[in-house]
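Visitor: Residue numbers (our numbering), protein chains in the order written: chain E, 4 to 354; chain W, 4 to 354; chain H, 4 to 354; chain G, 4 to 354.
No residue lacks a Cβ here, since even glycine has one placed at the ideal position from N, Cα and C.
Computed from a predicted structure; not experimentally measured.
One structure, pasted below without further comment.
Number of protein chains: 4
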Amino acid sequence: MGTLRFSDDDTDLDLLYADLAEQDLQPLWRLQGLLTRQPRVRAVPYRWPGKQLRALGERSGRLVGIDRGGDRRVLACCNPGLDGAPYAVPTLWAAVQYLGPGELAPAHRHTPAALRFILEGSGVWTLVDGDPLAMAAGDLILTPSWTFHEHHNAGNTPMLWMDVLDLPVVAALDAVFFEEGPSEEVERRTDPVSRSEQWYGSGAGLLPRSAQRSAPRHSPLLAYRWADTDRALDRQLEATGERTVTIVYSDPTRGTDVMPTMRCEMTRVRPGGSTPAVRQTGSRVLCVFRGSGTAHIGGQSWPLEPGDILAVPSWAAWHLEADEQLDVFSTSDAPVLEALGLWREEPADVR
Amino acid sequence: MGTLRFSDDDTDLDLLYADLAEQDLQPLWRLQGLLTRQPRVRAVPYRWPGKQLRALGERSGRLVGIDRGGDRRVLACCNPGLDGAPYAVPTLWAAVQYLGPGELAPAHRHTPAALRFILEGSGVWTLVDGDPLAMAAGDLILTPSWTFHEHHNAGNTPMLWMDVLDLPVVAALDAVFFEEGPSEEVERRTDPVSRSEQWYGSGAGLLPRSAQRSAPRHSPLLAYRWADTDRALDRQLEATGERTVTIVYSDPTRGTDVMPTMRCEMTRVRPGGSTPAVRQTGSRVLCVFRGSGTAHIGGQSWPLEPGDILAVPSWAAWHLEADEQLDVFSTSDAPVLEALGLWREEPADVR
Amino acid sequence: MGTLRFSDDDTDLDLLYADLAEQDLQPLWRLQGLLTRQPRVRAVPYRWPGKQLRALGERSGRLVGIDRGGDRRVLACCNPGLDGAPYAVPTLWAAVQYLGPGELAPAHRHTPAALRFILEGSGVWTLVDGDPLAMAAGDLILTPSWTFHEHHNAGNTPMLWMDVLDLPVVAALDAVFFEEGPSEEVERRTDPVSRSEQWYGSGAGLLPRSAQRSAPRHSPLLAYRWADTDRALDRQLEATGERTVTIVYSDPTRGTDVMPTMRCEMTRVRPGGSTPAVRQTGSRVLCVFRGSGTAHIGGQSWPLEPGDILAVPSWAAWHLEADEQLDVFSTSDAPVLEALGLWREEPADVR
Amino acid sequence: MGTLRFSDDDTDLDLLYADLAEQDLQPLWRLQGLLTRQPRVRAVPYRWPGKQLRALGERSGRLVGIDRGGDRRVLACCNPGLDGAPYAVPTLWAAVQYLGPGELAPAHRHTPAALRFILEGSGVWTLVDGDPLAMAAGDLILTPSWTFHEHHNAGNTPMLWMDVLDLPVVAALDAVFFEEGPSEEVERRTDPVSRSEQWYGSGAGLLPRSAQRSAPRHSPLLAYRWADTDRALDRQLEATGERTVTIVYSDPTRGTDVMPTMRCEMTRVRPGGSTPAVRQTGSRVLCVFRGSGTAHIGGQSWPLEPGDILAVPSWAAWHLEADEQLDVFSTSDAPVLEALGLWREEPADVR
C-alpha cells in the first residue's frame, strides 16, 4: 500500500521509522499483504500416495522401535508450501501410524485432539481413558482433547492407519498441554464392545437416560464402525437417487461435529459420478479408503488409490470423480471456521 | 384462606361481593385451593388391563367400521379422576387402536402430536407426509404435529397398537388445528425402508451432510425399531451392571426428545429387579410391552401383563418390579415441564 | 363424527358401549369436538374497566385486611367464558392488587411465576428473595417461579398494580407448590437500587464477568424501569419512522423472555396510529398504562383508558388504535406456544 | 524424543530419512517440541507506553497522509517474541490509530473483525455499514467481520484510539477477504444517536420485537458508551463490596461475547486494590484508560499510565494493582479458546 507524504524531507520519515522500530511498532502503510482480496494461501494442493505411505511405514517398522521417549511410530505429511512445518495443511496434522504385532504405543494425553481412520487390517486396540476400542478397516476412532490414549497390537499382523490432529490450531492458540500416562498399568483388555459403544452406539436416537451432554465438548461415542457407515452411505444414496452422498460423523447426543475442531465426513461416489466442485474457507485432508478415480484440487489432478492422503488448501476449488465406487474419508477445520463466523462456500466453475 | 375484616357490617361486604361479581371479578381471599403446598392432583393412579383392551378392540372391530367421518377405531383411556374427560392423565390422551386386514384409516393432520407404540402383530403401514413406515411389535412410530398421517393394514391379520397424543396440552393452549387429507390419493406404497430411516436411521451419529436441524421441532427419524431398542437395552444393562436401565428415544440431529411435548422411554427390568422409586412433576402413561411384574403407583399396586396401560399422576411415587424380564414403554410430558422450569424429581420412600 | 356400523343389532353395540364404560374407556367415534379445524376457544374477548378496578380495589382496602391467611388483597379478573374460573384467559391469572399505607403482604413463594405491572403511585417495595425492589408507575417487577416475595407499603398513599401469573398453566400440569416465608423476619430495607439492578441493569450489554446464565430459567434482572422503557420506545419509533413499536422485555444474559412461561411487551402507538391486526395462537392480557384509543378484539371494540385490563383469546383478530399516544403493556403465553412448536401468527383482515 | 533403533546400520536409517524427505514426510521421532507439558509461548510480556504511542502517532500525523492506498494511519504493536510479525500477541493485532481534523479514512471491509477503544478526545465518526457512530473517550466501537467501515474526523482536534483485530486468527485459518468501499459516496451524516443504539442501546433487556438474533454472529449493538460502563462498574463494585470488578461487553440479544473471536472487558480497581492473579490459556491485550498502578505479567512489572498497551501471553500469570482508581480495557481471544474446548484458568501464586 502506498503513502501520501506530507514532508519532502526523507530525514524526518527515516527518523520516525527508526523510532517506531525502537519502540516495537510498525506503521501499517509499510506492511504488505495483510488484507488480501482473497485468502493468500501458502499451502499447496498435494497428494501423498498410499503405496509410498505403506512402504515407508513398513520400513520404519523394521528400523525403528517405540519407546517411552518416542511414543509413536508416525510419519507426518508435510505440505511443501509450509516451509518444512510438519503439517498437511495449515490447521491439521495428518500422518500414517504403523504398529507391528505385539507392539504397544504407551498412554499419554494432550490438548490437541486426534482421530484415527483405519486404512487396513485389524488387531489393534486403542484405549481411550481406559475404554478399549477395537480398530478395523474403515472405522473412525476418536481420541478427543485431553483423553488418555494408548494403542496395542494384539494381533499377528502389522497395522496401518491415518492420524489427524488439530495440533496446528492448538499450537497457534498457545494451548498445548501434554502428560504421560502411568507406564506400568497398561490395560490389555479387549472387550468385544467398548463401553462407549455400549452406551451410545446401538442405534440412531437411542440415548441412555442420563446422556453425557455436558462438559466434555466431544462425542461420547468414540468409535464409528465401517459396517454402519457403509450401510448409511448406501441408504442415503438410495434415498437421494444421486451418484454421490456425504455423511457427517456426529455426536449422537447433540448432532454436532464429533469434536469442536474437526469435522469428519465420508463421501461415496458411484462409478462415473462426481462430487460437486466447490471452494470453501478452511483446510481439508482427504484419505482414500476404497475405489479409484481422480481428485481435482486447485487446478491440479491426481489419480486416486486406496491409502492416498491429499491436502485441500483453503479456497481451492476441488472435486472428486469415481472410476470404481469411491469412498473418501475427509477431515476439515470447518467447525472452527463456523464457530468463528468465517465459513464460506461457493460452487466452483471447473470447466 | 381467611380474611381480616375491618368492618363489622356484613352489608358492606355483601355489597362489595355483589359488585365484584357483576364486574366479573373474584376476591382472592374467597378462593380456595389455588396455591397448594403440593400439587393437588385429580387424576388417579390406574391400570387398563391389556387383555380387556385387546378384547374390546376386537369387539369394536367386528361391530364398527372406519369411514370418512370417524377416521379411526380408537378406544380412549379415561382416568376416573378426570370427570369423564377422555384422557389417561391430564396432559396425555392414551388409547388403543385396532385395524383389521385391508382396512384403511384415511389421511389427516392436526397440531396435537401423536405416537404409536405397537403392541403386537405387523402388516400395518403408517404414512407420515407420504413416507411409508412399516409397523411391527415393539416399534415406536412418530406422527409429529401437523404431519399428514394415515394407516392401512396390508396384511391378513388385525393389528393393535397404543396411540398417545398431547391433545390435552394443545387444547388447554387453545391451539388445536385439524385438516383432512385428500381422500382419493391414498398412498399404498410399502417400501421396505422409509425415507426417514434411510436418511437418519442407519447408525448412531451418522447424519446426512444437510441434516434437518431447523424448523420442524421434532425428530426427522420417525421410526425406532424394536431390534435396535432391544440391543441398546441389553448393551446398556451390560455396561452398568445394574438390573434396570432406561433408554430415551431421541432426535438424532439434536439429542433432544423426539417431540417437544412428549418424552418417550423404554425401561427394561431384569427378573427380580426394580426401578428406583421416584416422584416427579408431570404425568406419565406406561405400557407393558413384554414380561411380567408389579407396578406400584401412589400407594396402589397392580400385577403387570403385556398390553397393560397405566396412569402415573403427577407427584405420585412409582416404581416397577419384574418377575420375568420386563419391558415397559413410557410417555410423559417431561419436556413441557422442563421447558417451563417446572420439572422436579425426588426419590420416594416406599417402605 | 359418524360411524359405519357392521352390525344391524343395536344390542351388540349397546353392550359394547356399556363394557367400555365399565372399563373406563370411551370410543373416539362417539366423542365430539376433540379435533377442530380451528381452536375452539371458550374464553371471550373482554375488558375490565380501569375505573372500576380502582374503585373496587379501594373499597376492598377499606373493608378487608391482609392477614397470614389471606396474604394478598387481590381482585382476580374472571373471563365470562370460563365458567367461573378466576382466570382472565385460559392460561393467565390477571388481577389488581391494592396495598394501603403501612400495609404488608407477607413473604411466600410458589411455582407459578408472577409479574407486577404498576399502574399508578409509588412507595411500595417488593422483596424478591430478599432483594428490595422499589415499585413505581410504569415499572415491570418480576417474581419468578419459586422466589420468595413480599410487598410492603412504606409510603403514605395506597398503591394499585396489576398482577399476572401463569397459574393456570402450572395447575394444568399438576405442578403447583407453595411455601410460606418466615413471618417474623420481615425485611424492611429500602435500598435505592436493588442488587438485581446493580448487577444487570446499568446498560444494554454490560454484564458482570460471572453472569448468572445457568440454572434459574428467568431473567436475573427483576425490575424494568419506566424511564428506560419510555426512552427505548421513543428511540425505536424514531429508528423505524413507523407509528407503532413494541418492545419485548428480555433476559439481558440470554435475550430470551424474562420468564419461560410469559412474554412481556410494551407497545406504543402514536396518535392516529394503529397496531397491525393479527391473530395468534395462545392467550394475551393487555393493560393500558397511558393514553386513550380503541381496542378491537375478535370483532368487538372497547374505548381505552388507563388501568383497563383486556382479554385477547387465542386466534382472535386484534389491534389497537390510538387517539392520544397509547402505551399498552401486554403479557402472553407465547413462550409456551413457541417452546412446544404451537405458535402461529397471521395478519387479520379487519375491514 | 528418542528412538529405539532395531538396526545397527546407520545406512538403512539414513536411506529411510532421505526417502521420507523426498516424499514430503517427517518422522515424528525426529521432531521436537510439538507436544509440550505446558504451552511453549514465544510471545513475551510487554508494554508499549502510552506517552510514546501518542507522540509517535502525532509525528506520523505530521509526516504521513491517508490515501486510497494506505487507508489508515496506524502503528501496530509488535511483540518482540514474534520475530517481527506485526502482532501484539499471537492472535491479536493491536495498534494506535491517529486521525487529524478533517481527515477521512475511507470505507472498506474485511473478514477480520475490529474494535476501537477510544483513549482520548472526540469528534471522529465511524460509520459501520452506513450507521454513524460517534466516538469519544472510553467508548468501545465495534466493526464486526465483513462490515463496511470508515472513519472521519469532523472535529477540530486530532484523535487517537486503539484498534484491536483478530487478524492473526483469520490469517492462520486462511480466511482473509478484503474489499474496498465506494470511494465517492462518503457518508458524512453525524446523527446524534446511531441506529444501532436506537434499536438496542436504551436499556438492559429492552429488545425490539424482531431482534436480530440470527445470521450475523456479532452484537447488533455497535457502541458501548463510557457513561454506561462507568455507572455499571460503580454499581457492581457496590454490589460486591470488593475492590475490583470486571464487566464483559456483551451482545444484548444473546448475552454472548460481542464478536465470536474477541472478548472485551473493562476492569476497575479501587485504590490499593488488586485483581486476582491468574493464568489463562490464550492471549490478551490490555489498555489503560484511566488511573495509575502496576501491571505484573509473567514475572515482570510495569508502572501504568493512561494509554499504555500491554501484552499478556498465554499461561503467563498476571494481575493489576491500583494506586489511583484504575480502569483497564482488555481484549482476549477467550471466545475462541472456549468454543474449541481449550480454555483453562487457574489462580497463580505470585508471591
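#1: When the Cα of V44 of chain H is compared with those of W:Y49, W:V179, W:S222, which residue comes out closest?
#2: Which chain E residues are close to W164 of chain G, counting only those with a beta carbon under 7 Å from its beta carbon?
#3: With 8 Å set as the bound, which would you pick, yes or no: does the beta-carbon of Q239 of chain H sit closer than that to a beta-carbon of chain G?
#4: Are there 16 or more other CB atoms within 10 angstroms of the CB of R71 of chain G, so buried, or fewer, so exposed?
#5: In the DSSP assignment, find the alpha helix (DSSP H) that holds R116 of chain W and state where it starts and stops.
#6: Quick one: using the 10 Å Cβ neighbour count with 16 as the cut-off for buried, is E182 of chain W buried or exposed?
#7: Write down the C-beta distance between H152 of chain H and V173 of chain H rounded to the nearest angstrom, noting that I regard them as a contact closer than 8 Å.
#8: Just to confirm, are G344 of chain G and R220 of chain E a CB contact at a threshold of 8 Å?
#9: For a quick check, are the C-beta atoms of M162 of chain G and G126 of chain G less than 8 Å apart?
#10: What does the alpha-carbon distance come out to for the pair R257 of chain W and A337 of chain E?
#11: Would P185 of chain G be called buried (16 or more neighbouring beta carbons within 10 Å of its own) or exposed?
#12: Are T259 of chain G and T270 of chain G closer than 8 Å when you measure CB to CB?
#13: Got a sec: is the Cβ-Cβ distance from A225 of chain W to anything in chain H below 8 Å?
#14: Name, please, each residue of chain E whose Cβ falls closer than 7 Å to the Cβ of Q26 of chain G.
#15: Using a Cβ-Cβ distance under 8 Å, would P83 of chain G count as near chain H?
#16: Determine which residues share a DSSP beta bridge with R271 of chain E and list them.
#17: So, with DSSP's three-state summary, where would you put E183 of chain W?
#18: Anything in chain W within Cβ reach of D169 of chain E, meaning under 7 Å, just list it in chain order.
#19: Near P93 of chain H, what residues of its chain come up, given a Cβ to Cβ distance below 7 Å and the 5 sequence neighbours on each side ignored?
#20: Exposed or buried, A24 of chain W, counting other C-beta atoms within 10 Å across all chains shown (16 or more means buried)?
#21: Report the partner residues of T146 of chain G according to the DSSP bridge assignment.
#22: Which partner residues of I69 of chain G appear in the DSSP bridge assignment?
#23: Return no unless some Cβ of chain H is closer than 8 Å to the Cβ of A214 of chain G.
#24: Spatial neighbours of D142 of chain E within its chain, please: C-beta separation below 7 Å, excluding the five flanking residues on both sides.
#25: Could you tell me the alpha carbon to alpha carbon distance between P147 of chain E and L176 of chain E, rounded to whole angstroms?
#26: So is G310 of chain W in contact with chain H if we call contact Cβ pairs under 8 Å?
#27: If we cut at 8 Å on Cβ distances, does T284 of chain E have a partner in chain G?
#28: So is P350 of chain G buried or exposed if we call it buried at 16+ other beta carbons inside 10 Å?
#29: Skipping 5 residues on each side, what residues in its chain have a beta carbon closer than 8 Å to that of Q328 of chain E?
#30: Evaluate S199 of chain W with the Cβ neighbour count: other Cβ atoms within 10 Å of its Cβ, from every protein chain shown; 16 or more gives buried, anything less gives exposed.
#31: Hey, is V196 of chain G's beta-carbon within less than 8 Å of any beta-carbon in chain H?
#32: Quick one: measure Cβ to Cβ for V99 of chain E and L78 of chain E, integer angstroms, because I've assumed they're closer than 8 Å.
#33: What residues in its chain sit with their C-beta under 6 Å from that of G103 of chain E, if we drop five residues either side in the sequence?
#34: Hey, is I357 of chain G's beta-carbon within less than 8 Å of any beta-carbon in chain H?
#35: Since G208 of chain G and D254 of chain H are thought to touch, with beta carbons under 8 Å apart, how far apart are those beta carbons, to the nearest angstrom?
#36: So P52 of chain G and D74 of chain G are in contact, right, with Cβ under 8 Å, and what is the actual spacing, rounded?
Guide: Answer, in terms of the structure:
#1: W:V179
#2: By Cβ distance, chain E contributes nothing, its closest Cβ being about 14 Å from W164 of chain G, past 7 Å.
#3: yes
#4: Because the pLDDT of R71 of chain G is 45, which lies under 50, any placement of that residue in the model is unreliable, and the question is left without a value.
#5: Inspection of the sequence shows that residue 116 of chain W is occupied by Ala rather than by Arg. First-last for A116 of chain W: undefined, no H or E at that position.
#6: Its Cβ having fewer than 16 others within 10 Å, E182 of chain W is exposed.
#7: No, H152 of chain H and V173 of chain H are not in contact; Cβ-Cβ is about 16 Å, not under 8 Å.
#8: Less than 8 Å separates the beta-carbon of G344 of chain G from that of R220 of chain E.
#9: yes
#10: 19 Å
#11: exposed
#12: no
#13: One point to set straight first is that residue 225 of chain W is Leu, not Ala, in the sequence displayed. It does not; no Cβ of chain H falls within 8 Å.
#14: Per Cβ cutoff of 7 Å: W51, Q55, L59.
#15: no
#16: E:V248, E:D330
#17: strand
#18: Chain W residues near D169 of chain E: none, gap ~19 Å exceeds 7 Å.
#19: A46, L85, P171, S286
#20: exposed
#21: G:A117
#22: According to DSSP, I69 of chain G bridges with nothing at all.
#23: yes
#24: Only I121, A226, Y227, R228, W229 meet the Cβ criterion.
#25: Near 17 Å, if we compare the C-alpha coordinates of L176 of chain E and P147 of chain E.
#26: no
#27: yes
#28: exposed
#29: R271, V272, R273, P274, R293, G294
#30: buried
#31: yes
#32: 5 Å
#33: G64, P161
#34: Outside the modelled stretch of chain G, which goes from 4 to 354, sits residue 357 of chain G, for which no answer is possible.
#35: 6 Å
#36: Not really, about 26 Å apart at Cβ, beyond 8 Å.
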